[in-house]
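Residue numbers (this note's numbering): 42 to 384.
Have a look at the structure below, then the notes.
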């Protein structure tokens with residue numbers, strides 16, 4: 042029975058996937074619970090209650106929990122061990138949450154996962170230090186898991202930081218903005234998704250061929266997921282997404298729909314460029330409703346969806362190189378989820 046996607050209930054992605062294998066469903070549910078318990082225990086290791094509260098702020102509410110889920114799925118391709126799989130899932134989520142703390146400072150975000158962001162509640166300095174603390178705990182956990190975990194964790198941290206720096210600096214005069222976008226996204230988004238799958242797989246002794254196929258799948262799924270985020274920043278309300286609608290537009294983040302809209306001279310290009318400049322220079326939100334309408338009208342959102350679907354096709358192709366079975370079908374179901382997601 043092939044895994045399929047249902048639209049309710051909202052919450053972690055694991056809750057939105059109907060998997061046609063009761064045993065796998067039970068393992069994933071137990072693994073998610075165990076990894077979240079491990080995360081809470083790691084936050085409590087701060088001993089200082091204030092640090093523990095800040096560090097664990099995003100472990101409880103909302104969130105799709107994509108990375109820990111992928112680590113658990115990756116672990117299915119080796120000799121499955123519940124403890125090893127849960128530790129891999131916790132490590133992937135630690136790095137991800139640390140990156141969210143830092144991202145929200147740079148993006149001046151006020152909400153995350155439907156609650157006030159760490160920087161909104163405790164300030165930028167605390168958010169940066171808490172993110173650093175989480176990265177240090179990730180390094181500590183990786184050291185406990187062994188050399189391969191250390192290699193994967195250090196590599197993904199480097200790629201995350203380089204991606205963020207490249208986004209901050211922006212493309213040079215000689216760079217193609219679209220090429221620059223995909224380089225940034227590969228570092229900021231795809232790297233951690235690929236790492237989660239690899240980590241789960243290596244922790245359970247999966248064959249190298251499977252590890253590489255999972256890495257390739259993760260790179261393409263990660264880029265598709267970011268494009269989906271770009272689209273939802275424009276189309277999804279704050280109530281649905283748990284984030285501020287149009288935040289990327291307001292702070293001048295070069296999302297794929299915007300880059301596609303500005304790449305060609307269309308009737309809407311001049312007005313759109315003016316509105317986006319005004320949005321980043323003036324009071325937050327100025328001109329954003331009109332900019333959103335123009336992005337719809339000029340076809341840029343439809344083009345972005347086409348690019349997203351092309352990446353999902355490449356992810357499916359990579360997944361086809363894995364042994365057929367429930368875990369591989371979950372990977373295909375995740376592609377379906379990304380294609381259809383509205384939050």
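By construction, the Cβ of each residue, glycine as well, lies at the ideal position given by its N, Cα and C atoms.
Put simply, the region 82 to 90 does not touch the region 154 to 170. Fewer than three CB pairs are less than 8 Å apart. Using a Cβ-Cβ distance cut-off of 8 Å, the region 102 to 113 and the region 132 to 141 are in contact, since at least three pairs of beta carbons, one from each stretch, lie closer than that value.
If you keep only unbroken alpha helix (DSSP H) runs of at least 4 residues inside the region 76 to 141, you get 90 to 96 and 107 to 116. Out of 267, 264, 265 and 237, the CA that lies nearest to the CA of residue 253 is found in 237. Assigned with DSSP and collapsed to three states, residue 152 falls in strand. Counting along the chain, residue 62 sits inside no alpha helix (DSSP H), nor does DSSP assign it H or E at all.
In the three-state reduction of the DSSP assignment, residue 364 falls in the coil class, being assigned neither a helical nor a strand state. Here residue 157 is bridged, per DSSP, to 152. Nearest C-alpha to residue 95 among 172, 194, 148 and 119: 172. Here the region 213 to 227 makes no contact with the region 183 to 191; the two share fewer than three CB pairs at distances below 8 Å.
If you check the CB distance, residue 242 and residue 233 do not come in under 7 Å. Going by beta carbons, residue 142 and residue 159 fall inside the 7 Å limit.
The Cβ atoms of residue 72 and residue 129 lie no closer than 7 Å to each other.
A straight-line Cα-Cα distance of about 17 Å links residue 271 and residue 207. Shown here, residue 382 sits in coil according to DSSP, grouped into three states, outside any helix or strand. Counting along the chain, residue 294 sits inside no alpha helix (DSSP H), nor does DSSP assign it H or E at all.
Under the criterion of beta carbons closer than 8 Å, residue 116 and residue 97 do not qualify as touching, at roughly 24 Å.
For residue 178, the enclosing alpha helix (DSSP H) begins and ends at 165 to 186. DSSP places residue 244 inside the alpha helix (DSSP H), whose first and last residues are 232 to 244. As the crow flies, the alpha-carbon of residue 290 is around 44 Å from that of residue 64.
In terms of Cα proximity to residue 66, the closest of 334, 367 and 190 is 367. One thing to note: residue 313 has its Cβ no nearer than 7 Å to the Cβ of residue 304. Under the three-state reduction of DSSP output, residue 277 falls in the coil class, being neither helix nor strand. Burial of residue 105 is indicated by the presence of at least 16 other C-beta atoms within 10 angstroms of its C-beta.
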